[in-house]
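Trainee: Top to bottom, those sequences are chains A and B.
Under our numbering, think of the first position of the first sequence as 1, with each following residue one higher.
Under our numbering, think of the first position of the second sequence as 184, with each following residue one higher.
This is the structure I have questions about; it appears just below.
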Amino acid sequence: MMSDKKKKLTRRDMLRLGLSAGAVVGLGATVVSKSATKTVWQIDPDKCVQCGKCATDCVLELSAVKCVHAYAVCGYCELCGGYHRPDATKTDTAAESQLCPTSALERTFIEDPYYQYSVKEELCIGCAKCVKGCDAFGNGSLFLQVRHDRCVNCNECSIARVCPSDAFKRVPIEEPYLLKGKA
Amino acid sequence: MKKRVIPNDVIIVMVVMVVIATVAVVRMRQKPKGDVNPYKYDIEQYKKVDMALIGYCEVAEIKIDAELYGLAVDDDQIYVTGDKLLLLFDKNGAETKRIELDGAAKCVTVDADKKIYLGMADHVEVYSADGNCIDRWKTINKKSIITSIAVSESSLFVADAGTRQVYRFDKDGSLRSSFGEKDEQAGVPGFVIPSPYFDLLIDRTDQSLWVVNPGHRQIENYDEDGRFKKAWGASSIKLLGFSGCCNPSHLAMMPDGSFVTSEKGLVRVKVYNHDGEFVNVVVPPNSFDEHTVGVDLAVDSTGRIFVLDSSRSVVRVFEKK
Ligand code: SF4
Ligand code: SF4
Ligand code: SF4
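Here it is in structure tokens:
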């Protein structure tokens, strides 16, 4: 049976972050297994300066940090500062137009001229390029979060050690995500 | 059977080898490190502007102790809206009137009779020059987010980012018409408003209406009945075009009909001629704080450009070099 704690997280994350159902189930399971630790690492999105170190300094081969999307803030833009390179001449899905080094950001046509952007977590390396682009040229709806279905909750997070903006902090396991503008 | 004893120095060598092997494996699994992070995304390069292209210099600033939203100028006054505030300044920047409002006025305009029109969230309020509220028009729509207003001799035009429409009112507040629907056959792309920035102005040369279509990074010309005439503007991070998802965020017109534009994201203020050809830069990106948005603009009859810098809470004044 699911604990109350897990149920609460699942609903909240689904609503706030627009995470996929599968991802949220994974998150819940991990949270339960970590419940003895009481706090987990998280990124304060208002402090993150998108330096790129979340991609290079996690102890895991594929970083536990992923981009998440607050759909409610997104403009569903045809020309997306998070998806397209700033010098892209076409607003298409060609590889040379894309900013993401791993094509982890997926663009889906909604209705002319609106597009939805979603993160393929298995491809995302947490490099923050899209976050910086969205912040600089769009509505700032993309941001980085430590995903607790992957993070092994190191005593001393190796990204936190090198983070130039002191954006990593310990948060209560019951509230493991920090939303932009609300941290 | 005699037990084989492994000498201590062999054990030490084995331990050292295991440690070396472990470090090597960890190193191999490590991602690129070093001084230059391959994933660093440098957007500073786009902020650089050739000094020769900057055609204006800052001559004054008016510091205001409030959160600022909207700006307008006429021949002798500067009108600034803030949170629940309307402020009037003389041309030297001295505050002449402070009027308390019930809500936030995101935009302001003034007609030839000195009536002041304020775009509240979903309706228009009209004030006399001495600060009395003389009219409060009906709510346009519960979803309305009024972002810009402009007044002609007989009409008031309202840009509503909430409903993505432009509304035309008589000056007594009666609604005459609205437009903004996409119409492919008529070549009207419809207004694409990904964020609450949707500006318009009345042409100083022919009284037609110019409306920013930010999602298309263009500025569209309509007659007063909302019939599409022409458009200009291109999408580009370079100076010639408009950057990001939705720009320009604000628009003003010089006495000779040239346009002044401001952008969000890569914040910059530029001048284009009446045909939409880039002329020069008024304020380069490096002259704004990071994350500055909502740079409203106004131009007086002498061609001085007023720039509302919401991040620093100042109105900055620029003159041709
Ligand atoms: S290391 Fe810190 S500043 Fe750099 S991307 Fe990660 S959270 Fe942001
Ligand atoms: S740009 Fe980087 S952070 Fe964004 S989706 Fe791609 S890999 Fe993830
Ligand atoms: S705590 Fe460990 S696993 Fe989690 S993000 Fe930091 S380095 Fe990666």
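Virtual Cβ for every residue (Gly too), placed ideally from N, Cα, C.
Pull up the distance between the alpha-carbon of B:Ala342 and that of B:Ala414, whole angstroms please.
Mentor: Approximately 17 angstroms between the Cα atoms of the pair.
Trainee: Under 7 angstroms between beta-carbons, which chain A residues line up against B:Asn220? List them in chain order, please.
Mentor: Chain A residues near B:Asn220: Cys51, Gly52, Lys53 and Thr56.
Trainee: Taking the C-alpha atoms as reference points, what is the distance between B:Lys325 and A:Ser141?
Mentor: Approximately 25 angstroms, taken between the alpha carbons.
Trainee: Over what stretch of residues does the alpha helix (DSSP H) that includes A:Cys54 continue unbroken?
Mentor: Per DSSP, A:Cys54 belongs to the alpha helix (DSSP H) from Lys53 to Thr56.
Trainee: Pick helix, strand or coil for A:Ala21, following the three-state DSSP scheme.
Mentor: At A:Ala21, the pLDDT of 32 sits below 50, so the modelled position is not reliable and the matter cannot be decided from this model.
Trainee: For the segment 250 to 318 of chain B, which segments carrying the beta strand (DSSP E) assignment without a break, of at least 3 residues, lie completely within its bounds, in sequence order?
Mentor: Within the segment 250 to 318 of chain B, the complete beta strand (DSSP E) runs of at least 3 residues are 251 to 256, 260 to 265, 268 to 273, 278 to 283, 290 to 293, 299 to 302 and 307 to 310.
Trainee: So what does DSSP say about A:Asp46, is it helix, strand or coil?
Mentor: Three-state result, A:Asp46: coil.
Trainee: Quick one, which of A:Gly82, A:Ala160 and A:Glu156 has its alpha-carbon nearest A:Ser118's?
Mentor: When each option's Cα is compared against that of A:Ser118, the closest is A:Gly82.
Trainee: Can you give the Cα-Cα distance for B:Phe352 and A:Pro172, rounded to whole angstroms?
Mentor: Rounded to whole angstroms, B:Phe352 to A:Pro172 spans 54 angstroms at the Cα level.
Trainee: Spell out whether any CB of chain A is found under 8 angstroms from the CB atom of B:Ile247.
Mentor: Not closer than 8 angstroms to any Cβ of chain A, the Cβ of B:Ile247 fails to qualify, so no.
Trainee: May I ask whether a heavy atom of ligand 2 can be found less than 7 angstroms away from the beta carbon of A:Val68?
Mentor: Not so, every heavy atom of ligand 2 lies at least 7 angstroms from the Cβ.
Trainee: Below 7 angstroms CB to CB, which residues in the same chain sit around A:Asp57 once its five sequence neighbours on both sides are set aside?
Mentor: Hits under 7 angstroms: Ser158, Ile159 and Val162.
Trainee: Scan the segment 85 to 116 of chain A and note each continuous beta strand (DSSP E) run of 3 residues or more that stays entirely inside, going in chain order.
Mentor: Fully enclosed beta strand (DSSP E) runs of 3 or longer: 105 to 111.
Trainee: Does B:Met455 have its Cβ less than 8 angstroms from a Cβ in chain A?
Mentor: Looking at the sequence provided, one finds Tyr at residue 455 of chain B rather than Met. It does not; no Cβ of chain A falls within 8 angstroms.
Trainee: Considering only heavy atoms of ligand 3, does any lie closer than 7 angstroms to the CB of A:Leu178?
Mentor: Not under cutoff, so the answer is no.
Trainee: Give a single yes or no on whether A:Val49 has its beta carbon closer than 7 angstroms to a heavy atom of ligand 1.
Mentor: A:Val49 Cβ: within cutoff of ligand 1.
Trainee: Excluding the 5 residues flanking B:Phe374 on each side, which residues of the same chain have their C-beta closer than 6 angstroms to its C-beta?
Mentor: Excluding sequence neighbours, B:Phe374 sits near Arg347, Gly363 and Asn396.
Trainee: Using the beta-carbon of each residue, which ones in chain A are nearer than 9 angstroms to B:Gly448?
Mentor: Result: Gly81, Asp135, Ala136, Phe137 and Gly138.
Trainee: How big is the Cα-Cα spacing for B:Ile328 and B:Thr264?
Mentor: Their backbone Cα atoms lie some 16 angstroms apart in a straight line.
Trainee: Quick one: which residues of the segment 224 to 252 of chain B get their C-beta closer than 8 angstroms to a C-beta of chain A? List them in chain order.
Mentor: Taking 8 angstroms as the Cβ-Cβ cut-off against chain A, the residues of the segment 224 to 252 of chain B that qualify are Tyr224, Ile226 and Tyr229.
Trainee: What number of angstroms, rounded off, separates the C-alpha of B:Leu236 from the C-alpha of B:Leu422?
Mentor: Each residue's alpha carbon lies about 10 angstroms from the other.
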